[in-house]
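Letter by letter, the sequence shown follows residues 0 to 290 in numbering that gives the first Met the number 0. Each residue gets a CB set at the ideal place from its N, CA and C atoms; glycine is no exception. Small disclaimer: the values here were computed from a predicted structure and weren't measured. Inspection log for the structure reproduced underneath, given as structure tokens.
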Amino acid sequence: MKVLIAGLIPNDAGKTVLAASLVKALLREGVSATPVKPLGATDLWGHPEALSRSREARLVVTWDGYILHRASGGRLPIEVINPIGALLAPTPPSRYRSRSSYEASLVEPYRRAVLTRVTGCAGGSRSLHLANADAMSRVPQQVSEALQEVIMYLTPPPTPASDEAIAGIFSGAGSTAADTCLAMAEASSDAVIVESNSDVVAPTPSSSYPSLAIMVVPGEAYLVEGTRLSRALEAIAMSGRPWAAKAMEALELTGHLGRVDLPLLEDPDEGYPPDVISPLVEAVKGRLRKG
0 MKVLIAGLIP NDAGKTVLAA SLVKALLREG VSATPVKPLG ATDLWGHPEA
50 LSRSREARLV VTWDGYILHR ASGGRLPIEV INPIGALLAP TPPSRYRSRS
100 SYEASLVEPY RRAVLTRVTG CAGGSRSLHL ANADAMSRVP QQVSEALQEV
150 IMYLTPPPTP ASDEAIAGIF SGAGSTAADT CLAMAEASSD AVIVESNSDV
200 VAPTPSSSYP SLAIMVVPGE AYLVEGTRLS RALEAIAMSG RPWAAKAMEA
250 LELTGHLGRV DLPLLEDPDE GYPPDVISPL VEAVKGRLRK G
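Here's what the structure looks like:
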């Protein structure tokens, strides 16, 4: 079964902490659970440690992908857990022709995606790395040197790409490849916890048909019937593109089965305690019992 976790706001909704907490709690209950984040991007200014993780893995590794991989106990390779991953570099205003161009880069992350990995899992996992020459030209010298060091380690070596090519991947061109990795996770798990990106409802076609969904916002999580969500997406998604629909709009159509209050976490790595996550764990186990 698939459980979809989506954020009701674009940034810092708490999706990854909730997904990791749910995976760990299900594993403790004897349920084979695997997280999958089909599309993820890490801002290196906020998480520069993604560079060292990428060097170690010889793959582009996002911070969310690393957290989810660790939460699962390494059940599947990190590139399967996060099949499309990008590293976003700081590109300051001085590198743009106008203020509007710089401001556009803040809302269109592909403009700052210096390194992107696309992994497909048909017949085993295979990865492709892309280096966005347009984005690299806007990066300060010292950041560029750090990126060049990572590029030396990547296997396979990156292929040059443009803003337009990366924008296509962020806009759904990589969804077919990502869904092959989602299928691999489903084949080896009782429950796959799919984390969406930004405030998108579902990042790929396959992920838009979950058994259950959890919509999260700081302070609360809403449990949503999967069938109702799929029907809502059919009504609001454009031309079968679920990643074009926003989670808040979908929740207004579906309503919710229940609500869970989420506390502040002084140490997000610890995740939510059992008394908080228990209602979501029981909902997943109940759906598994029903088949």
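### Task
Enumerate in chain order the residues of its own chain whose CB-to-CB distance from Val79 is below 8 Å, with the five nearest sequence positions on each side excluded.
Position 80 of the sequence shown, counting from 1, holds the residue named residue 79. Taken in chain order, the residues that qualify are Val35, Thr118, Cys120, Ser124, Cys180, Met183 and Ala184.
### Query
So, using beta-carbon positions, are Pro202 and Leu38 closer together than 8 Å?
If you number the sequence shown from 1, residue 202 lands on position 203. If you number the sequence shown from 1, residue 38 lands on position 39. Here Pro202 is near Leu38, since their CB atoms are less than 8 Å apart.
### Message
Tell me which residue opens and which closes the beta strand (DSSP E) that Arg74 is part of.
### Response
For the purposes of this step, residue 74 is taken as residue 75 along the sequence shown, with counting starting at 1. Taken as a continuous stretch (DSSP letters only), Arg74 belongs to no beta strand (DSSP E), as it is neither H nor E.
### Query
Just the Cα atoms here: how many angstroms apart are Ala18 and Arg137?
The residue you call residue 18 lines up with position 19 of the sequence shown. The residue you call residue 137 lines up with position 138 of the sequence shown. One C-alpha to the other measures close to 34 Å.
### Query
According to DSSP, is Leu25 helix, strand or coil?
The sequence position of residue 25 within the sequence shown is 26, counting from 1. Helix.
### Boundaries of the alpha helix (DSSP H) in which Ile165 is found, first to last residue
On the sequence shown, position 166 is the one that residue 165 refers to. Segment Asp162 to Gly167, the alpha helix (DSSP H) holding Ile165.
### Message
Quick test of your reading: Ile347 and Leu222, contact by CB under 8 Å. State the CB separation rounded to the nearest angstrom.
### Response
Not covered by the structure: residue 347. The range shown for the chain is 0 to 290.
### Query
How is Ser126 classed by DSSP in three states: helix, strand or coil?
Start at 1 with the first residue of the sequence shown, and residue 126 comes out as number 127. Here Ser126 sits in strand by DSSP.
### Query
Where does Gly290 fall in DSSP's three states?
Counting from 1 along the sequence shown, the entry for residue 290 is found at position 291. Three-state DSSP puts Gly290 in coil, outside helix and strand.
### Message
If the criterion is Cβ atoms closer than 8 Å, does the pair Pro159 and Leu127 meet it?
### Response
Numbered from 1 along the sequence shown, position 160 holds the residue referred to as residue 159. Numbered from 1 along the sequence shown, position 128 holds the residue referred to as residue 127. Taking 8 Å as the Cβ cut-off, Pro159 and Leu127 do not qualify as a contacting pair.
### Message
With the cut-off set at 8 Å, would you say Thr15 and Leu75 are in Cβ contact?
### Response
By 1-based counting over the sequence shown, the position of residue 15 is 16. By 1-based counting over the sequence shown, the position of residue 75 is 76. No, these two residues do not count as a Cβ contact at 8 Å.
### Task
Within its chain, find whatever has a CB closer than 7 Å to the CB of Ile8; leave out the 5 residues flanking it on each side and keep chain order.
Counted from its first residue, the sequence shown places residue 8 at position 9. Excluding residues up to 5 positions away in sequence, Asp198 and Val216 lie with their Cβ nearer than 7 Å to the Cβ of Ile8 in the same chain.
### Query
So does the stretch 92-109 actually touch the stretch 53-73, counting three or more Cβ pairs closer than 8 Å?
no
### Task
Check the DSSP bridge columns for Glu224 and list the partner residues they point to.
Taking the first residue of the sequence shown as position 1, residue 224 is located at position 225. Beta-bridge pairing links Glu224 to Leu211.
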